[in-house]
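Residue numbers 343 to 837, in our numbering, belong to the letters of the sequence shown in order. Heads up, the beta-carbon is just placed ideally off N, CA and C, and yes, glycines get one too. Contents: one structure, followed by commentary.
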Amino acid sequence: MAVLGITIALLVWMATLLLISIWKHIYSSWKLPPGPFPLPIIGNLFQLDIKDIPKSLTRLAERFGPVFTLYLGSRRIVVLHGYKAVKEVLLDYKNEFSGRGDNPAFQVHKNKGIIFNNGPTWRDTRRLSLTVLRDLGMGKRGNEERIQREVPFLLEALRKTQGQPFDPTFVIGFAPYNVISDILFHKHSDYSDKTGLRLMYLFNENFYLLSTPWIQLYNNFSSCLQYLPGSHRKLLKNVSEIKDYASARVKEHQESLDPSCPQDFIDSLLVEMEKGKHSAQPVHTSEGIAVTVADLLFAGTETTSTTLRYGLLILMKHPEVEEKLHEEIDRVIGPSRVPAIKDRLDMPYLDAVVHEIQRFIDLLPSNLLHEATQDTVFRGYVIPKGTLVIPTLDSVLYDNQEFPEPEKFKPEHFLNEHGKFKYSDYFKPFSAGKRVCVGEGLARMELFLFLAAILQHFNLKSLVDPKDIDLSPIATGFAKIPPRYKFCVIPRSQA
Ligand code: HEM
Numbered sequence: 343m344a345v346l347g348i349t350i351a352l353l354v355w356m357a358t359l360l361l362i363s364i365w366k367h368i369y370s371s372w373k374l375p376p377g378p379f380p381l382p383i384i385g386n387l388f389q390l391d392i393k394d395i396p397k398s399l400t401r402l403a404e405r406f407g408p409v410f411t412l413y414l415g416s417r418r419i420v421v422l423h424g425y426k427a428v429k430e431v432l433l434d435y436k437n438e439f440s441g442r443g444d445n446p447a448f449q450v451h452k453n454k455g456i457i458f459n460n461g462p463t464w465r466d467t468r469r470l471s472l473t474v475l476r477d478l479g480m481g482k483r484g485n486e487e488r489i490q491r492e493v494p495f496l497l498e499a500l501r502k503t504q505g506q507p508f509d510p511t512f513v514i515g516f517a518p519y520n521v522i523s524d525i526l527f528h529k530h531s532d533y534s535d536k537t538g539l540r541l542m543y544l545f546n547e548n549f550y551l552l553s554t555p556w557i558q559l560y561n562n563f564s565s566c567l568q569y570l571p572g573s574h575r576k577l578l579k580n581v582s583e584i585k586d587y588a589s590a591r592v593k594e595h596q597e598s599l600d601p602s603c604p605q606d607f608i609d610s611l612l613v614e615m616e617k618g619k620h621s622a623q624p625v626h627t628s629e630g631i632a633v634t635v636a637d638l639l640f641a642g643t644e645t646t647s648t649t650l651r652y653g654l655l656i657l658m659k660h661p662e663v664e665e666k667l668h669e670e671i672d673r674v675i676g677p678s679r680v681p682a683i684k685d686r687l688d689m690p691y692l693d694a695v696v697h698e699i700q701r702f703i704d705l706l707p708s709n710l711l712h713e714a715t716q717d718t719v720f721r722g723y724v725i726p727k728g729t730l731v732i733p734t735l736d737s738v739l740y741d742n743q744e745f746p747e748p749e750k751f752k753p754e755h756f757l758n759e760h761g762k763f764k765y766s767d768y769f770k771p772f773s774a775g776k777r778v779c780v781g782e783g784l785a786r787m788e789l790f791l792f793l794a795a796i797l798q799h800f801n802l803k804s805l806v807d808p809k810d811i812d813l814s815p816i817a818t819g820f821a822k823i824p825p826r827y828k829f830c831v832i833p834r835s836q837a
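See the structure below:
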């Protein structure tokens, strides 16, 4: 009898829970964009393939249209799919959707720095960082020279492999790492430097972990999953280690600061901190500066490094593209001059290849999470403040009208019938609007100059037949992670 009573009570309890959830859902969502019906507690988890959430979002867009609502745990998410909707949200509603959605893996960055800052200091931190980066050469000759100074070190490290197979992850990664280290710390490291290698290992591992199915679950159900063992613990530990490294550099700079002569990014931010330290609510604190530095170091290294690594693999799969690049480089730059940004004008093919690599690899397919900063009426729907917003980038980069056969790697996507470079407004790997990538200019310069320099001096040699190279990412989540591979670089003078 007692068992029957408990069973009935449980059933009644569950039915009540379900009814309350249905009622709450209908009440709170009657003006929200359409979407699949969520279950209590888990929401729409079963409608998503956690191994490839971006693909699931594309499927849901086919069912519900370019603007739809999803629930994951207690998180309400509005997804934008396709050029029009994404651009509208990012550019026409730039303030309304400029908040940053919470990323539990980056708890120690929360509301500090730039990337994961959804608090009142984001705007000033971003603005000041951009000003300082610009003063240090962002978008001007300063960065071009910085990258050009790095080129001989990269080439030397590649020569040292002596035509033997090697994993490019850290050799290639050191080039963007040194460029951003120079900006942030006025520091250059040897390619065998232990600290540099350790940091790059952490960035690389984090980028991978952030894209695994477990972390997709963790980020949406962290309030329960945080108590379990799992790779989220490793991720959180790595994030803290990177932040501790940045904090130590900030402390060092504080001790040696000469306010009349700031040497690098950290010095310049410390000078601003000193100026504002007597205000009631100082915007810049040493912890905030450390998080900003950690943000720029991670974002400034891993994104460019992964793009270059993925790009080289793609070129090995398409030797005919590599051949055309050698021809253009030899014709425009020649065998010894260091590539320059002005060469871009005379090198439409390399320019198109760099664009196509970024389009094809679709590095951050679901962008970074945005958040509605206020109740907003969008296309007749009411999107409440605090709703998470995903302006998907893959839906723009893989638009099949703009880029016919988007699944194929075709530099022709960015070339006109005369072989000249063709601009596309659908090229949005850096997003757009108020949160647009802070390092876009730097990253684009690095990709062009480093790729030009590598191909000017080396032929790429795959260890397997090009047709057996599989370009599919090994993990898709936060980012698309390229397969691990080894290859050889053969000096062209010996080829
Ligand atoms: C291939 C290279 C890169 C790609 C594809 C890329 C892409 C992106 C994307 C999609 C976002 C999110 C924009 C949004 O929320 O709407 C972003 C944000 C950001 N990126 Fe990059 N990025 C790259 C390189 C860099 C570099 C080199 C730096 C640093 C110098 C950098 C620093 C940042 C920062 C600080 C943010 C946060 C902006 C904010 O929240 O206000 N990125 N990036």
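About 7 Å separates the Cβ atoms of residue 789 and residue 650, confirming a contact at the 8 Å cut-off.
DSSP places residue 603 outside any alpha helix (DSSP H), giving it a letter other than H or E. Closest by C-alpha distance to residue 454, out of 436, 630 and 749, is 630.
The three-state secondary structure of residue 744, taken from DSSP, is coil. Of 754, 570 and 547, the smallest CA-CA separation from residue 764 is found for 754. Looking only at 746, 716, 666 and 708, the smallest Cα-Cα distance to residue 693 is reached by 666. In the DSSP assignment, residue 712 forms a beta bridge with 442 and 731. Scanning 740, 392 and 354 for the CA closest to the CA of residue 556 turns up 392.
Counting C-beta atoms within 10 angstroms of its own C-beta, residue 413 has 16 or more neighbours from the protein chains shown and is therefore classed as buried. Judged by DSSP secondary structure, residue 519 falls outside any beta strand (DSSP E) and instead within the alpha helix (DSSP H) spanning 510-527. Between residue 809 and residue 748, the alpha-carbon positions lie close to 19 Å from each other.
Annotation: the continuous beta strand (DSSP E) that includes residue 804 extends over 800-804. Taken through DSSP and simplified to helix, strand or coil, residue 360 comes out as helix.
Nearest in C-alpha terms to residue 792, of all of 674, 514 and 811, is 514. Taken atom to atom, the span from the alpha-carbon of residue 429 to that of residue 580 is near 34 Å. Relative to the ligand HEM, the beta carbon of residue 763 is positioned no closer than 7 Å to any heavy atom. Between the C-alpha atoms of residue 813 and residue 761 there is a straight-line separation of about 26 Å.
Fewer than three pairs of CB atoms, one per stretch, sit closer than 8 Å, so the stretch 353-364 makes no contact with the stretch 384-399.
Bounds of the beta strand (DSSP E) holding residue 830 are 829-833. Going by C-alpha positions, residue 508 is about 17 Å away from residue 807. The secondary-structure analysis by DSSP pairs residue 385 across a beta bridge with 381 and 414. Less than 8 Å divides the Cβ of residue 610 from the Cβ of residue 604. Annotation: residue 680 to residue 521 spans about 16 Å, alpha carbon to alpha carbon. Under the three-state reduction of DSSP output, residue 448 falls in the helix class.
Placement of the Cβ of residue 606 at a distance of 7 Å or more from every heavy atom of the ligand HEM is found. Around the Cβ of residue 700, a 10 Å sphere holds 16 or more other Cβ atoms; the residue is buried.
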